[in-house]
Amino acid sequence: MAKLDLRVRLIGRALRRISVTGKSEEQILTDQQRTVEHNPVLDWVLGGLAAGVDVTNDTADGGEGRIPVRIYRPHNAQGLLPLVILIHGGGWTSGTLNTYDWLASKIAKETGAVVVSLDYRLAPTHRWPAAAEDCYAALVDVAARAAQWQADGGRIAVVGDSAGGNLAAVLTLMARDRSGPPITFQGLIYPATDLTLGSASLEENADAPVLTKSDVLAFRRHYVPDDGDRSNPYASPLLAADHSGLPPALIQVAEHDPIRDDGLRYAEVLRAAGVPVRVTTYVGMPHGYLAFPRLCRSAPQALAELCSELQLALAPAEVR
1 MAKLDLRVRL IGRALRRISV TGKSEEQILT DQQRTVEHNP VLDWVLGGLA
51 AGVDVTNDTA DGGEGRIPVR IYRPHNAQGL LPLVILIHGG GWTSGTLNTY
101 DWLASKIAKE TGAVVVSLDY RLAPTHRWPA AAEDCYAALV DVAARAAQWQ
151 ADGGRIAVVG DSAGGNLAAV LTLMARDRSG PPITFQGLIY PATDLTLGSA
201 SLEENADAPV LTKSDVLAFR RHYVPDDGDR SNPYASPLLA ADHSGLPPAL
251 IQVAEHDPIR DDGLRYAEVL RAAGVPVRVT TYVGMPHGYL AFPRLCRSAP
301 QALAELCSEL QLALAPAEVR
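Per full-length UniProt numbering, the sequence shown starts with residue 1, numbered consecutively.
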C-alpha cells in the first residue's frame, strides 16, 4: 500500500483523542448536544460554505415526525434543477448539517443541482432502523415537494459518505422495494455495506488513522446492537438477496480504510446484478478523506469525480 503522508498521520493522531471507542452512551449523548458552529479554524479544516450558493433551513418527514433539512441552491440558477439528497456520515452517532455545509454547497455549485441535506436521528437514542426510515420518509417528502425549491423530482440522486453511504445504499433498496421515488444515481463515498463485518480490509487496516477496527465495532454496537439485525439488507445492503434494478453507482473508497472492501464488494454485487458501477480507490488515503479538503491531497480529485458523475447522470434526457 502507498505510504501515508504526514498530514494524514497528524489527522489520525488528533482524531484518536475523540474516538468513539471506549465512550459510554452518556458521553456520546453529551457530544451530540454540543453545537458545532462555523468559525475560521473549523472552516479551514472542513471547508466552509461555498460562495454563490443560497441556503435555507426547513424540515421534512421522518420515520416518526419531522427532521431538520438544509437546502442548497446555486445563486441565480434558472429553471428546474436536478435534486441531490445528501446523507452525512458519522457512524450513525454523530454528524451535523453544519459540518457538511462544505460538501453540500460544493455539490450544489459544481453540479448545478439543488442539494437537500438530511439531519436524521442518531444512535444510541435512536437505533436501527430509525436513521434509515428517516431518510426514506424524507426522500418521499422531498421528492413530492421538489417544485418548492425549483427542483425536478424526476431527476434524483442520493449521496452519502461512510455511515451516510450505508444509508444512501439502503435508500436505493427501500425506494425499489417500496415503489418509492425513482432514484437516478447513487454516489457512495467509503460506504459501510456489511455490518456483519465480513471484509478482509477490517483486519488489514485495523489500526488505520481516522477509523480503526475498534471504532467500527463501537459504531455498530451503538447503531445495531442486535446481532440478528445486522444481516438485514436495510442495515447491510451488501447482503440483499437481489441488487437488480438499482441505480447506477459511483463508489469511492480509501486504501487505508478498515471498511475499504465494503465498497469494493458492493461494487462487485451491483455489477453482477447488471448495475453500471464506477469504482475508484484513492491511494494513500484514510477513511474520511473528503471531510478534510485542505489536508487530504485526494479530496479535490474525489469531489471533482463525484460532481462530474452527478452532472452526467442527472443531465436532462435530451442532453445525455
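Each residue gets a CB set at the ideal place from its N, CA and C atoms; glycine is no exception.
Member of the options whose CA lies at the smallest distance from the CA of residue i
i    : options                : result
S162 : L173, A192, E133       : A192
A302 : Y289, A313, S214, L295 : Y289
E268 : L81, P258, L239        : L239
A2   : E255, P293, V277, V275 : E255
S236 : R297, I156, A151, P129 : P129
Q252 : D58, D261, G274        : D261
G205 : H88, V53, G284         : Looking at the sequence itself, residue 205 is Asn, so the reference to Gly does not match. Nearest of H88, V53, G284 to N205, Cα basis: G284.
A249 : P233, Q78, G165        : G165
I156 : V114, F292, H38        : V114
L131 : V159, I107, V170       : Position check: residue 131 holds Ala in this sequence, whereas Leu was assumed. Here the closest residue by C-alpha is V170.
C135 : R66, A291, P233        : R66
W102 : A137, G263, D152, L42  : L42
P82  : T111, Y282, A60        : T111
S231 : P316, P74, R73, L197   : L197
S201 : L188, A273, K23, P286  : P286
A273 : A241, V158, P74, G160  : A241
A146 : M174, Y120, H243, V116 : V116
A315 : D177, Q33, L46, L80    : L80
Assigned secondary structure, residue i (DSSP; H/G/I helix, E/B strand, else coil)
i    : result
Q33  : helix
Y100 : helix
L239 : helix
I71  : strand
Y223 : helix
R297 : coil
R127 : coil
G154 : strand
P209 : coil
D58  : strand
L314 : helix
L270 : helix
T111 : helix
D261 : helix
Extent of the continuous beta strand (DSSP E) run through residue i
i    : result
T172 : Taken as a continuous stretch (DSSP letters only), T172 belongs to no beta strand (DSSP E), being part of the alpha helix (DSSP H) at 163 to 177.
P276 : From DSSP, P276 is part of no beta strand (DSSP E); its letter is neither H nor E.
Identified DSSP bridge partners for residue i
i    : result
L188 : G160, I251
I87  : L118, G160
V53  : P74
H256 : P286
R66  : D61
Bounding residues of the alpha helix (DSSP H) (the contiguous stretch that carries residue i)
i    : result
V142 : 130 to 144
L197 : No alpha helix (DSSP H) holds L197; DSSP gives it neither H nor E.
L80  : Neither: L80 is in no alpha helix (DSSP H) and is coded neither H nor E.
P40  : 40 to 46
Minimum Cβ-Cβ distance from residue i to chain D less than 8 Å
i   : result
P40 : The chain inventory of the structure shown lacks chain D, comprising one protein chain alone.
At least three beta-carbon pairs within less than 8 Å, the stretch 87 to 100 to the stretch 216 to 228: The stretch 87 to 100 makes contact with the stretch 216 to 228, as at least three CB pairs between them are under 8 Å.
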